[in-house]
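One structure below.
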């Protein structure tokens, strides 16, 4: 039996974090709070970061951008911005963890193989945690009885990010079953962006789904899904209509997208009116402070592109999003085995789409993408002699 490695310890810590969040759900997104249960999360997050930190000193081929991004976030946290409000400190910590995870998983998987059991437990713990929080939040029932009080947590979006890892670790019908379960949970969550992205991701996994079932079984699955969608639309059309139409209807202030256009325009205007901040951004906590100054009671921009641009400037924007665009190019040029190329599409495409309407930049669910992508790139089928991300 092989000795336990740093990768195994990190996966165990991440599983424990998810289990703690299942046992003691916060119910308000992913903010670390001050109950004694939440102090456990602090300790586990700190231990995970400490184990991942040395990877930033290693030589990385694929994710140098994420390496520099992690360093940039760390510098911001150590200087004047460290006095930012607690919420934004936690956002910075989680964004830092996500950036570190790309570098860490690549470094650990470069010459080793992952413990598939731990990886599966990690993926399932994430899936159960987010599903449980969505059910606990009871968003669907809230929407039915109080149509105008539906909140905007990002729980369902994380299920999108877990999909690539699910399809990598669980083959054939089991992965399809998890996918369909996730689809039901996302639908019940009424997360508009997540629902749209789930449908948009379907072409990337169609082949895998079609190969997992016989024609009769596939027909049964399709009919069942159609009946489910018909039932939801027929019974709860007014709720669904309210959730989607208010994206395209202006409110009393003339703002679209549930009010998003108003604060996004103000954030972008403030950014472009401040050329001294174009390169390095306004720093950690600036989005939340600016939103407060504008009169909007929100902690983030609800848009990943604006969030990163405003906080870390053009440099940070390039460092953060470049790897995701690059993964699409890798998949398009079939630099990986054809079986896994759609999963790179799924990983990058889902993140880029969801980021347009949600503050997904700091969701821990992105660590699942980091693990999946690095497991794919570390496989023998990947031809590293042709090209590297840092040179192409």
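In my numbering, the protein residues as written are 26 to 417.
All C-beta atoms, glycine included, are put in the ideal place defined by N, C-alpha and C.
Fair warning: this is a prediction, and the values are worked out from it, not measured in the lab.
So, under 8 Å CB-CB, residue i and residue j are touching, yes? Tell me the CB distance rounded to an integer number of Å.
i	j	result
residue 187	residue 204	Wrong, their Cβ atoms sit about 10 Å apart, outside the cutoff.
residue 393	residue 148	6 Å
residue 380	residue 353	The Cβ separation is near 14 Å, so there is no contact.
residue 104	residue 222	36 Å between Cβ atoms; not a contact.
residue 157	residue 50	7 Å
Is it the case that the Cβ atoms of residue i and residue j are separated by a distance below 7 Å?
i	j	result
residue 80	residue 128	yes
residue 201	residue 247	no
residue 209	residue 220	no
residue 134	residue 362	no
residue 304	residue 338	yes
residue 150	residue 43	yes
residue 325	residue 384	yes
residue 371	residue 189	yes
residue 296	residue 335	yes
residue 181	residue 159	yes
residue 344	residue 77	no
residue 229	residue 367	yes
residue 341	residue 306	yes
residue 382	residue 218	yes
residue 101	residue 333	no
residue 126	residue 356	no
Please return the same chain residues whose Cβ sits closer than 7 Å to the Cβ of residue i, not counting the five positions on each side in sequence.
i	result
residue 153	47
residue 41	69
residue 173	Here the model assigns residue 173 a pLDDT of 45, short of 50, so the residue's position is not dependable, and the following value carries that caveat. Excluding sequence neighbours, residue 173 sits near nothing in its chain.
residue 280	286 and 287
residue 98	117, 120, 121 and 124
residue 17	No answer is possible for residue 17: it lies beyond the span of the chain, which begins at 26 and ends at 417.
residue 298	none
residue 107	Its pLDDT being 46, under 50, residue 107 is placed unreliably in this model, and the coordinates cannot settle the point.
residue 276	284
residue 216	181 and 182
residue 110	At residue 110, the pLDDT of 49 sits below 50, so the modelled position is not reliable; the number obtained from the coordinates is stated separately. Result list for residue 110: 310 and 313, in chain order.
residue 1	Here the chain comprises residues numbered 26 to 417, so residue 1 is not present and cannot be evaluated.
residue 321	288
residue 252	none
residue 319	288 and 291
If you compare alpha carbons, which of the options is closest to residue i?
i	options	result
residue 124	402, 387, 403 and 339	387
residue 290	274, 267, 264 and 331	331
residue 260	136, 213, 322 and 361	213
residue 30	49, 132, 98 and 43	132
residue 155	225, 224, 253 and 45	45
residue 397	194, 229 and 104	194
residue 140	117, 230 and 36	36
residue 34	102, 98 and 143	143
residue 122	39, 378 and 63	39
residue 145	307, 96 and 196	196
residue 389	102, 115 and 32	115
residue 294	316, 242, 65 and 32	316
residue 292	63, 267 and 313	313
residue 88	351, 63, 227 and 74	351
residue 74	185, 130 and 402	130
residue 254	318, 231 and 224	224
residue 227	86, 207, 216 and 241	207
residue 403	86, 62, 61 and 270	86
Residues in the same chain with beta-carbon distance under 8 Å from residue i, minus the five sequence neighbours each way, listed in chain order, please.
i	result
residue 347	90
residue 198	237 and 238
residue 232	367
Within the same chain, show all residues whose beta-carbon is closer than 6 Å to that of residue i, passing over the 5 residues directly before and after it, in chain order.
i	result
residue 376	349
residue 137	none
residue 32	133
residue 65	45
residue 55	Per-residue confidence for residue 55 stands at a pLDDT of 44, beneath the threshold of 50, marking its modelled position as unreliable; no derived number is given.
residue 274	none
residue 92	81, 85 and 128
Would you please verify whether the beta carbon of residue i is less than 7 Å from any beta carbon of chain B?
i	result
residue 339	Among the protein chains of the structure shown there is no chain B, as only one such chain exists.
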